[in-house]
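Protein chains in written order, with this note's numbering: chain A, 2 to 450; chain B, 120 to 576.
In this text, a Cβ means the ideal position worked out from N, Cα and C, and glycines have one as well.
Please read these numbers as outputs of a predicted model, since none were measured by experiment.
Notes follow the structure.
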């Protein structure tokens, strides 16, 4: 079975299997046809297959008559920011985020700099399926311009938004591991922007990833191992497009990526009350934080498109996911790894606290994240079957199945990126969390042989 | 059906109309088929200066990258320079984004093998089979290569030119040369090369932005601007290149176009006077070449139309050939590279001017004078085929004939060649005679003949 996932705001697959020039061109042509506007931005992460997709996207957008500003290798949040800054009609982001090297993907961004919503995405898909793309005659072909030196414009705004003075005064020493992704090299600009001492790890955008580009404890070994040696104040891991961050404390504790969002929300909601958006798979920590700060909390389906769209529609102030993604809406409606790191540093600086101390302020839960293989054709029916296991209990079936009680919860859903069913369980006790997950896994394994 | 298609796949590559047939998807598939044919390795990618060049080239790059090939992008570059570079770089082959002299809405791909030569019929057939089968050797990411840009792709070509030509002799002439690159790929090299040869260039349309100031075919009717410039600047000679800089036409010091046939005639006369050897030309090339070759006692070998046919014959000769080419201004000097090369043509003519000490109009008057008329009649491939068949039935016993490519008949006082074009949905009618009147009369006669056949068929 070849892997191809068509999501609401783009398409993701395995390079050489489903991600081939023709498919990329068809999708990019569909998007160019959909936009009916002149200016489109294009950026990518560093993965080795990037140029193949990049050239295909540029060619197709030009052929539909779109003028293209090519940002080259560019973190997704900066690309999204530049859409508004340059008043473009949209953008194509070429990155598979946290997926390993064999994956790549196109994500389509609208003129607000947000991932396409369901309605926009469906329109693009309709054009794709119809296969009728705009074909500009030679005098109306799009123009291609390579955009240079745009980073300053983003980082100037970031510096203005954050309390840069306080961060500078704190003279922090920070380790960042961009996993040789789109953040590589750009974290140096980031450190100059906020005046902290940077110790970079895997900072070479060579096309390959030194470890899985998913920011979570099991990939944090390198950062953790140098943390104490260099006496750093904080360590950060980024995914390949800088939309997610996980944290390592000054003691070398590799924090679950679940902490990133609540850590920021806990502080941010003090100064800015408002609705909080998260998803069904995220830790209860954020619910507790929202409750403590007396802010309403809403849950969206998993994925940046849903979270941000809900946040925009509900006029929320902050949105985030347990995967280490955070969007602060007054800065920009996008999951933004630089803003996320900046916020953490700002909190450390302004409250003069160590990360481990800030973590202590949060309730501790134990979360278990598992996944189990399931043929793509059966994934949704198997998830549906899990309902039987919980018959009679209160269920949320807005995105897979989630069953909750006082002590904890378990969430079962089809992966948006792989032929997998994800099982996420959380409980106050570690054993119970594991037990909740295993109960479901055992049940699924009887269905999938 | 009489519809002329906007896509043409032939031995000279692929050509299509941007906005109609030539889509990124189609281009990528051709690049993938070619990369599959070559195998994984370095592939040179270049382009002429057409506005659609970037769109097409990006699609080529994507297609090659998907196979694990490593594209080396040489940017806008004359096609002969790409040919020399491909051989020198030891690449697997090259794809050139160009539609040669077609109007600006066209673009296309030409394919080169590792020797920097166009694919021959057999190679094209093998490669097209792969295209039609549609199974390409797609690479996994671990086989992916990082593309490269080449900043100085004309260097191997210019090195060869400068070592072959008698630069000192040319420089002594201090020639004032009006050069019209038609805003094509030649513009990246021609002004520099002329300076290097000690000439004083007068530049016309030397910005390689693809905005063709006139039709990019260097025919007399397209080069009025150059003729004026020669007179106004009191230049010794005027040169005009086509969009990919393989062909050259010449204007004499009086501002009169010589006709593109004369480019090869003058170049051949000069080369033969220095080192006689066989001459290889195609069926449509001027009779003047035969006359000159006879003076030097060297054989003339005629081939089918198409650069590759001339080149293959050149390379297959036992005796070292002196020169080859086509009457359309395509001069092929094997000592530089077996390809049509407007820069070689320029160099040879300048060298001839220098060594003879004569003006271009004088050189022109020294060669036998013929008048050639090239006409075209819209016909689909199928119609062309039927037309040629009927013509052959009716006329082949009327004179000395050749059926190698369409039908050519040599009469005692003129010759006619009728053949289907490889690149456009037309039939070409070419007549050459010692006088203009005779040539015009014969064109009329043969047009009527063709129309007659088309009617009763």
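Cβ pair residue i, residue j closer than 7 Å
| i | j | result |
| --- | --- | --- |
| residue 304 (chain B) | residue 197 (chain B) | yes |
| residue 214 (chain A) | residue 240 (chain A) | yes |
| residue 327 (chain B) | residue 168 (chain B) | yes |
| residue 448 (chain B) | residue 382 (chain B) | yes |
| residue 246 (chain A) | residue 237 (chain A) | yes |
| residue 122 (chain A) | residue 36 (chain A) | no |
| residue 337 (chain B) | residue 359 (chain B) | yes |
| residue 518 (chain B) | residue 507 (chain B) | no |
| residue 558 (chain B) | residue 550 (chain B) | yes |
| residue 31 (chain A) | residue 129 (chain A) | yes |
| residue 184 (chain B) | residue 53 (chain A) | yes |
| residue 440 (chain B) | residue 476 (chain B) | no |
| residue 367 (chain A) | residue 317 (chain A) | no |
| residue 428 (chain A) | residue 408 (chain A) | yes |
Whole-number beta carbon distance between residue j and residue i, since they are thought to touch under 8 Å
| i | j | result |
| --- | --- | --- |
| residue 173 (chain A) | residue 350 (chain A) | 7 Å |
| residue 97 (chain A) | residue 106 (chain A) | 5 Å |
| residue 168 (chain A) | residue 197 (chain A) | 6 Å |
| residue 146 (chain B) | residue 178 (chain B) | 4 Å |
| residue 46 (chain A) | residue 183 (chain A) | 4 Å |
| residue 133 (chain B) | residue 213 (chain B) | That belief does not hold up - the Cβ atoms of residue 133 (chain B) and residue 213 (chain B) are roughly 14 Å apart, past 8 Å. |
Buried or exposed by the 16-neighbour rule on C-beta atoms within 10 Å, applied to residue i
| i | result |
| --- | --- |
| residue 119 (chain A) | exposed |
| residue 8 (chain A) | buried |
| residue 571 (chain B) | exposed |
| residue 576 (chain B) | For residue 576 (chain B), the pLDDT reaches just 48, beneath the cut-off of 50, and the residue's location in the model is therefore unreliable, although a value from the coordinates is still provided. Exposed, since its Cβ has fewer than 16 Cβ neighbours within 10 Å. |
| residue 394 (chain B) | exposed |
| residue 287 (chain B) | exposed |
| residue 322 (chain A) | buried |
| residue 100 (chain A) | buried |
| residue 266 (chain A) | buried |
| residue 564 (chain B) | exposed |
| residue 240 (chain B) | exposed |
| residue 447 (chain A) | exposed |
| residue 333 (chain B) | buried |
| residue 259 (chain A) | buried |
| residue 268 (chain B) | exposed |
Beta-carbon proximity list for residue i, same chain, < 7 Å, skipping 5 on both sides
| i | result |
| --- | --- |
| residue 187 (chain B) | 159, 258, 262, 263 and 264 |
| residue 345 (chain B) | 297, 299, 323, 357, 359 and 370 |
Spatially closest choice to residue i from the options, by CA coordinates
| i | options | result |
| --- | --- | --- |
| residue 429 (chain B) | B:335, B:457, B:437 and B:410 | B:457 |
| residue 489 (chain B) | B:445, B:534, B:459 and B:502 | B:534 |
| residue 382 (chain A) | A:106, A:425 and A:413 | A:413 |
| residue 344 (chain A) | A:231, A:422, A:378 and A:195 | A:195 |
| residue 80 (chain A) | A:389, A:333 and A:411 | A:333 |
| residue 461 (chain B) | B:200, B:143, B:142 and B:139 | B:200 |
| residue 44 (chain A) | A:101, A:392 and A:69 | A:69 |
| residue 374 (chain A) | A:411, A:419 and A:357 | A:419 |
| residue 55 (chain A) | A:430, A:254, A:427 and A:16 | A:16 |
| residue 231 (chain A) | A:275, A:185, A:177 and A:410 | A:177 |
| residue 263 (chain A) | A:221, A:341, A:316 and A:307 | A:341 |
| residue 367 (chain B) | B:469, B:393 and B:230 | B:469 |
| residue 492 (chain B) | B:404, B:440, B:504 and B:516 | B:404 |
| residue 156 (chain B) | B:573, B:221, B:331 and B:231 | B:231 |
| residue 225 (chain A) | A:204, A:103 and A:255 | A:255 |
| residue 134 (chain A) | A:64, A:261, A:427 and A:253 | A:64 |
| residue 171 (chain B) | A:385, A:436 and A:139 | A:139 |
Residues near residue i by beta carbon distance below 6 Å, same chain, minus five either side
| i | result |
| --- | --- |
| residue 314 (chain B) | none |
| residue 22 (chain A) | 57 |
| residue 331 (chain A) | none |
| residue 423 (chain B) | 523 and 524 |
| residue 121 (chain B) | Confidence at residue 121 (chain B) is low in this model, with a pLDDT of 36, below 50, so the placement of that residue should be treated as unreliable; the coordinate-derived value is given next. Closer than 6 Å at Cβ, skipping near neighbours: no residue. |
| residue 234 (chain A) | 173, 174 and 251 |
| residue 136 (chain A) | none |
| residue 374 (chain B) | 346, 349 and 350 |
| residue 330 (chain B) | 302 |
| residue 390 (chain B) | 441 and 442 |
Residue i: CB within 6 Å of a non-hydrogen atom of the ligand PLP
| i | result |
| --- | --- |
| residue 492 (chain B) | The ligand PLP is absent from the structure shown, which contains no ligand whatsoever. |
Own chain partners of residue i with C-beta closer than 8 Å, once the 5 adjacent residues on each side are dropped
| i | result |
| --- | --- |
| residue 313 (chain A) | 113, 115, 330 and 334 |
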